[in-house]
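Following the working numbering, the numbering of the sequence shown begins with 4 at its first residue and continues without gaps.
To keep things clear, I will list the structure first and then write my remarks on it.
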Amino acid sequence: MSTVAITGAGSGLGRALALKYAKNGCKVFLLGRDDTKLQLVQQEIRQDGGLSEVILCDVQEPASVSIAFQQIGELDVFINNAGVGIFGPVESYTNEDLDKTLNTNVKGTILSVQSALPLIRKNNGRILTIISTAGLRGKVHESIYCASKFAVKGFTESLQKEWEDEPIAITAVYMGGMNTPFWDDSSHVEDPSGLKGPEVVAEQIFNEDDGRNEIMIDR
Numbered sequence: 004m005s006t007v008a009i010t011g012a013g014s015g016l017g018r019a020l021a022l023k024y025a026k027n028g029c030k031v032f033l034l035g036r037d038d039t040k041l042q043l044v045q046q047e048i049r050q051d052g053g054l055s056e057v058i059l060c061d062v063q064e065p066a067s068v069s070i071a072f073q074q075i076g077e078l079d080v081f082i083n084n085a086g087v088g089i090f091g092p093v094e095s096y097t098n099e100d101l102d103k104t105l106n107t108n109v110k111g112t113i114l115s116v117q118s119a120l121p122l123i124r125k126n127n128g129r130i131l132t133i134i135s136t137a138g139l140r141g142k143v144h145e146s147i148y149c150a151s152k153f154a155v156k157g158f159t160e161s162l163q164k165e166w167e168d169e170p171i172a173i174t175a176v177y178m179g180g181m182n183t184p185f186w187d188d189s190s191h192v193e194d195p196s197g198l199k200g201p202e203v204v205a206e207q208i209f210n211e212d213d214g215r216n217e218i219m220i221d222r
């Protein structure tokens with residue numbers, strides 16, 4: 004049985020990916036900060052006959068990430084999904100906004116890869132990093148979010164070159180906004196109901212998770 008670990012697995016795309024991989028016979032490790040949300044996803048997986056484990060993990064904290072991956076043991080696929088978005092004109096961002104965005108989206112991605120890598124190397128596995136189209140071009144009122152995602156794009160492409168002679172795969176995933184709780188605390192998207200559902204995006208990611216360098220859902 005293949006094993007999959009997903010950060011930010013308590014809601015949105017992380018939840019949809021967890022349900023999709025579990026439904027297709029994978030054991031899924033659900034990583035995140037909100038135990039209640041993670042337990043609900045685990046319950047959904049169990050009701051559908053799947054296997055999963057909840058592991059509390061704050062990707063901003065090195066010790067939390069390290070301990071989380073020590074609990075996993077065997078790992079075939081790691082999906083780097085945890086992320087936050089804070090939006091508005093550049094002059095409106097506070098130091099707290101900067102720290103939260105960069106520590107989660109950039110530092111959290113790097114820390115997670117560092118901890119996942121020994122397990123992935125052992126099984127010649129795959130790392131998928133959810134980047135979004137904000138890593139491809141600048142967008143109005145998304146300067147800090149785009150900056151973080153451009154950094155993650157550069158990090159991911161560098162890993163692809165760094166490990167091109169190793170039997171592991173590094174995949175960058177690009178998609179636009181989705182109809183998820185990501186927008187609950189923001190007025191940046193007034194009506195997310197017209198956006199793609201996370202289940203549609205998760206389906207494409209699962210179907211194209213074959214070790215390719217990029218999964219391009221939106222451009």
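C-beta atoms are modelled at their ideal positions from N, C-alpha and C, and glycine is treated no differently.
Backbone CA spacing between residue i and residue j [nearest angstrom]
i    : j    : result
N216 : V80  : 14 Å
D168 : L162 : 11 Å
A205 : K110 : 24 Å
G200 : L78  : 27 Å
L2   : I147 : There is no way to answer for residue 2, as the model of the chain reaches only from 4 to 222.
G76  : E94  : 45 Å
V116 : E202 : 25 Å
R129 : G214 : 7 Å
I208 : I218 : 7 Å
V57  : K40  : 10 Å
P92  : Q42  : 36 Å
W166 : R18  : 29 Å
K103 : G179 : 21 Å
R140 : I89  : 17 Å
R124 : K164 : 16 Å
T183 : N210 : With a pLDDT of 48 at T183, under the threshold of 50, the predicted position of this residue should be treated as unreliable, though the coordinate-derived value follows. Each residue's alpha carbon lies about 21 Å from the other.
E99  : G11  : 20 Å
Contact check, residue i vs residue j, beta carbons under 8 Å
i    : j    : result
C29  : V7   : yes
L122 : F158 : no
C149 : K142 : yes
K152 : N108 : yes
Q177 : T132 : In the sequence as displayed, the identity of residue 177 is Tyr instead of Gln. For Y177 and T132, no; Cβs fall outside 8 Å.
L20  : E47  : no
S55  : D61  : no
A175 : I134 : yes
Residue from the options with nearest C-alpha to residue i
i    : options                : result
E64  : E202, L105, S14, D51   : L105
D37  : L59, E47, Q74, F153    : L59
L34  : I9, L22, D100, G86     : I9
S69  : S118, W166, E165, I171 : S118
R49  : A66, Y24, S67          : Y24
S14  : G86, N127, E160, I113  : G86
I228 : T39, A154, E145        : A question about residue 228 goes unanswered here, because the residues of the chain that appear run from 4 up to 222.
D221 : G138, W166, F90, P92   : G138
G53  : K40, P92, V31, N210    : V31
L120 : R18, F90, P170         : P170
K26  : N126, S5, D51          : D51
M4   : N126, E160, I82, Q74   : N126
Y96  : G11, Q74, L16, H144    : H144
D212 : R124, I82, L16         : I82
Tell me the start and end of each unbroken alpha helix (DSSP H) in the segment 52 to 116 that is at least 4 residues and wholly inside, in chain order.
65 to 73, 98 to 105
Taking only runs that begin and end inside the segment 144 to 175, name each unbroken alpha helix (DSSP H) of 4 or more residues, in chain order.
146 to 165
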